[in-house]
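To keep things clear, I will list the structure first and then write my remarks on it.
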Amino acid sequence: MLHRYSNADELCIHCFNILISCMHSDMNDENNNNNRKLICSYGGGKICVFTLRRRECNTTMDERIISSALTCIANLASVPANIPSLIRINAVTDVKSVIHNNLYKGDIVKRACVALCNLSNDRTTSRLLWQQHKVAEFLMSIMKEYLRFYCLKHKKNVQWTEGTMHNNNNNNNNNNNNNNDAKHKPTRTIKAETWSQQEWSNIDDVTILNIQQSSLGCIGNMMRDTTNIVSFMNHQMYVHLYDVMQYCTDGHALMKMCFKLLNILITTLHAEVSSSISKQQQQQQQQERKHLHNNGVKDWNAEDILQGLPHMPKEDVLIDEKLQYNYQSILLQSGMIHQMIYVMKSPENIMLIPLGVRLCKKIQPQLWKTYLTQKRGDKVEKANGTRKKPVTVTNGQVHGYVFGMTNMQTTKEDERDKDRNSWKDVEIEIETEVDAQLFRQIQIYQLLDRFNVFQAMIDKLMDLSIHFASLGIAKNDPNHIPYESMEEKTAIPNIVSPSMFVNILYNHLEVLREYLEMIDILVDADRRFKPKQDMSQQQDGNGEGGHTRHSTRNKANKDQDTNEKEKKRNTANENSTKMQANEKSYTTECAFKHGRFLFWLLTTLIHWLRYVNSGDVSVTQALWARSIRKEKVMQLLMQTVVIMWKLSMYHKSASFLVNQNGVFSIIDASRLIQYSATQDKRVVLIGHYLKIISNMLDADKRTWRDLTNADGYHVLKTVINSLHLGGKDADTMQSDWILFEHAIMDKCLPLAIEYMGEFHTVVSQELRFLTSGTLMKQHVLTAVVDANGRGNRDKKYPKKHIIHDVNIRIELLPRKFHKSNGNNPGDKKDPAIQKKREKEEREEKLIAKHLKKRKIELENKSSTDPASSHSHEPNLQSKTTNEDAAGNNDRWRIWVIIENENGQVLEHFPMDWVENILPGNKHILLSDCQRNCCLMVVHLYVFQSIKLKRKHICLECSSEKDCRLWARALQQLLRFS
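Offset between the sequence shown (1-based) and my numbering: plus 115.
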């Protein structure tokens, strides 16, 4: 019917619709493929090609018929067995003619590109399409035309290099003739008047992006033949790939296709070269390239099919490792990494980050050092006003260098100056000797961190808000985590359902894993660096050398040089083992940059697991709930906790984690330990929680307040007891818990005194000397008393040195406690007592002002919400200003009590008044004592309500051990006062 009644448009359309319905299916199952084979064997391909030859797109009906014929050819070509018959009837030539004659018909060009893409989905025909039909160059010209229109449609001033202006379309000859005067120039600008045709106005953005994607897919299929890759690189077709990545960033599928093409260019080796590789390595490489271009399709018999076809030239160029190295160098120098980062930063391309990282890791490690060195050379030559020659390839040899993209337009340079300047931050700041692969990995993640590639993912996920009431967690539930505190107060969150939120987060698991891997590598980067040896050490040999006239002087200085070398070696060994905590370390930067999102991720993953395991999931949601692998989420949660532990090992980063409500997040996360990990991993997870809090105690004084307000000690103890551990797990947990209590005692002594009665016996015994008291001798000076009981101030009667046997102890008293009247609520009604309290408040404010401490308020204020007590942003200045205010505890106050043998209090003062603790015999009263057995406490007091005076309390201990313990304890208590 299509052949006999070719002039009946309506009939032809219905016939093509029937054929399309018989062949079309979302799944290429066996039944559908048999239908396509049957239709092709009965002349389906011939009638489609016949329609393309006889039809011209003059009317709307002609356009519909041609589009239907192209759709049939694309469906037939999706089966490898049909490709030989389509090649014999010159379907490729007819499809190219349709594109050539209907360049401004976007729908026709799109379907024709899909047909060519399916025709190229065969290894044997790839060389035929590339070399005889010149399909790659033809599609490249089509893509450039549509890309120009796309840029001008979006008002992008595009500047094209001469190398990208090759055009084989006869329809554009007039435009080329009008610009003959500009051929001698390296670049020229296509103006908007070139696109004055009305046909272009009906083409939408989706059609343009689909044309680009199908064309690149066709080129990628043809690049299975390594000879075509050589031609691709020689013609610098990768430049257009950069153009697409630069101007069509919003198309996720198109950007994924570009990344796959770059993957082919970087990883492809010739079959004869790869035969020398072991079978295990070949299988591994095939597995890595499994996601590329339907590699599972079987090749048809080339000898039978190629009979009768024109002669095809066979110019095999083996892509060995050397040529692959050169190609990778060209791609790096031409700006591949910069364009990939630009694509991955887009919110639409978040899911491409793992693919981009894998692609970067396939570049040979030695190229990274060369690449950064050339980047520095480019900056020097750019400052001197010189240029490099363009990159050319001849017989696999690289000539010339290009730093940056050749098609970078001048209008974009001002917008990207900031990104370009940040390249200097990517370089490692210290000279190191590290493994090449490790160096490459560090450099990749440095790039991702410096250019904030993951920021779009962070903003997207944190913008999602979820009501915990919908997850079955009420506001008054003790398991409720203050999730709202982790959100920006100024942002308007997106309210999504729990199921939608879980699906979105699950889709980003691979990106989140790459994000955590980046932080882990950067945090461990400094510890893995090995400093280079000094040049003097490298130049100095081990041999003595010949005798010269300077040998006497060298021999005299030999011992001195040897000592210097030993010092340098010792310093190098210390630097290789110690963790750096200076500006060169990435830990502080990672904590300030990613700490808030890490705690958000910890909270979200835990509640996600709880929601999936709960019985609140409806029947409609049960399908996706069962399909989710909880092990992946638990591994991601464990990786997040391990990174937090590594960040907490540094004081600056741990302090920022505390300011991000880290203590509250860890305590609340421990409550849901039964959902966070499997039975065998819970002990490890709780152990990391304990280590994180221990490190926070040493880094920031505010940890004491947060841990007390959250009742963290009792919460953790209750959670551990609820696990009902036994055997090795119980022993491991007990040892971790004892270490946690030791950390509290060593790093936060006030908290240890508060919970001493609940500590393990091993730990509590070490604190008895503080609370029960220690016998010492106090040295004081007293005036001689006359008969009337008055002190004699006459110089003839100096003060007398007296030694008392005293008992000194530490006591924690509530903030409401007063040294004069205790803590009796009825005293508030007495005016005299109230007046005395006001006087004490003024005195203590005066002391606090002198000691530059915060104002001590005797009345205990209501504890504020920790979420509103500080800002979420990493402001170093505000943190430094409020450090003391955030570190004090509003519940307790540390008092030093000195009693005599009868229990009478001789001295009673808070640690807030103490100015200094000085071990040793630095006072005249202690001059006769042993240096290691005495100490002096200097505290202030108010004299006559206006004057401040110092009082020196000189104490002599019975042993060096007691003196050392008390000096250390008092100095630590002074830190928390």
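For each residue, glycine too, the CB sits at the ideal point set by N, CA and C.
All figures in this text were calculated on a predicted structure; none of them were measured in a lab.
Neighbour-count burial assignment, residue i, 16 or more Cβ in a 10 Å radius
i, result
"N186", "Per the sequence presented here, residue 186 reads as Thr, with Asn not at that position. When all chains shown are included, T186 counts as buried."
"I456", "buried"
"Y804", "buried"
"N688", "Any reading at N688 must be qualified, since the residue scores a pLDDT of 44, below 50, and its modelled position is unreliable; no value is offered."
"E856", "buried"
"S183", "buried"
"S768", "buried"
"D1043", "exposed"
"A368", "exposed"
"F93", "A query on residue 93 cannot be resolved here, the shown segment of the chain reaching from 116 to 1092 and no further."
"E1071", "buried"
"N149", "exposed"
"G1018", "exposed"
"K405", "Because K405 sits at a pLDDT of 43, beneath the cut-off of 50, its placement in the model cannot be relied upon, and the following sentence gives the value as read from the coordinates. It is exposed - the Cβ of K405 has fewer than 16 other Cβ atoms within 10 Å."
"Y157", "exposed"
"N836", "exposed"
Counterpart residues of residue i in DSSP-defined beta bridges
i, result
"M337", "Looking at the DSSP assignment, M337 forms no beta bridge with any residue, so it has no partner."
"I465", "I465 pairs with nothing; no bridge assigned."
"V1011", "I925, F1024"
"L243", "Answer by DSSP bridge pairing: none, since L243 is not bridged."
Helix, strand or coil at residue i according to DSSP, with G and I counted as helix
i, result
"T897", "strand"
"C863", "coil"
"E1151", "A question about residue 1151 goes unanswered here, because the residues of the chain that appear run from 116 up to 1092."
"I853", "helix"
"K1066", "strand"
"I109", "Nothing about residue 109 can be reported from this structure: the residues present for the chain run from 116 to 1092 only."
"T889", "strand"
"E171", "coil"
"E252", "helix"
"L579", "strand"
"V878", "helix"
"E1071", "strand"
"E1016", "coil"
"T383", "coil"
"L447", "helix"
"G160", "helix"
"G587", "Because G587 carries a pLDDT of 42, less than 50, the predicted location of this residue cannot be relied on, and no value is offered for it."
Segment limits, alpha helix (DSSP H) that includes residue i
i, result
"R797", "797 to 814"
"E704", "702 to 728"
"V626", "624 to 638"
"V359", "353 to 362"
"R1046", "R1046 -> no alpha helix (DSSP H), and no H or E assigned at all."
"W1081", "1075 to 1090"
"V568", "No alpha helix (DSSP H) contains V568, which DSSP labels as neither H nor E."
"S785", "777 to 786"
"K1093", "Past the boundaries of the shown model lies residue 1093; the chain is included only from 116 to 1092, so the question cannot be answered."
"K120", "Before going on, a small fix: residue 120 reads as Tyr here, not Lys. No alpha helix (DSSP H) contains Y120, which DSSP labels as neither H nor E."
"M749", "745 to 762"
"N236", "Counting along the chain, N236 falls outside any alpha helix (DSSP H), and DSSP gives it neither H nor E."
"P946", "946 to 965"
Range covered by the beta strand (DSSP E) that runs through residue i
i, result
"F1024", "1020 to 1025"
"R924", "915 to 929"
"C1049", "1049 to 1058"
"N1031", "1029 to 1034"
Cβ of residue i within 7 angstroms of any chain D Cβ
i, result
"M572", "Considering every chain present, this structure includes no chain D. It has just one protein chain."
Heavy atom of the ligand NAP within 6 angstroms of residue i beta-carbon
i, result
"H1054", "For the structure depicted, the ligand NAP is absent and the ligand set is empty, with no information on it obtainable."
Stretch-stretch touch, CB-based, cutoff 8 angstroms, three pairs: the stretch 330 to 337 with the stretch 226 to 235: Contact between the stretch 330 to 337 and the stretch 226 to 235 is present, with at least three C-beta pairs closer than 8 angstroms.
Decide yes or no for the touch test of the stretch 460 to 469 against the stretch 611 to 627: beta carbon pairs closer than 8 angstroms, at least 3 of them. With contact defined as three or more Cβ pairs closer than 8 angstroms, the stretch 460 to 469 and the stretch 611 to 627 are in contact.
I'd like to know if the stretch 257 to 264 and the stretch 339 to 350 are in contact, where contact means that at least 3 CB-CB pairs between them fall below 8 angstroms. They do not touch, by the three-pair rule.
Taking 8 angstroms as the cut-off, does the stretch 873 to 881 touch the stretch 1030 to 1043 (at least 3 CB pairs, one atom from each stretch)? With a cut-off of 8 angstroms, the stretch 873 to 881 and the stretch 1030 to 1043 do not count as touching, because too few Cβ pairs lie within range.
Assess contact between the stretch 722 to 731 and the stretch 746 to 754, defined as three or more Cβ pairs (one per stretch) separated by less than 8 angstroms. Is contact present? Yes, the stretch 722 to 731 touches the stretch 746 to 754.
Could you tell me whether the stretch 466 to 482 touches the stretch 372 to 386, where touching means 3 or more Cβ pairs closer than 8 angstroms? Three or more beta-carbon pairs separated by less than 8 angstroms link the stretch 466 to 482 to the stretch 372 to 386, which places the two stretches in contact.
Counting beta carbon pairs with one atom in the stretch 954 to 963 and one in the stretch 1043 to 1053, are three or more of them shorter than 8 angstroms? With the cut-off at 8 angstroms, the stretch 1043 to 1053 and the stretch 954 to 963 do not touch.
Check whether the stretch 159 to 172 and the stretch 117 to 128 touch, using three or more Cβ-Cβ pairs below 8 angstroms as the test. The stretch 159 to 172 is in contact with the stretch 117 to 128.
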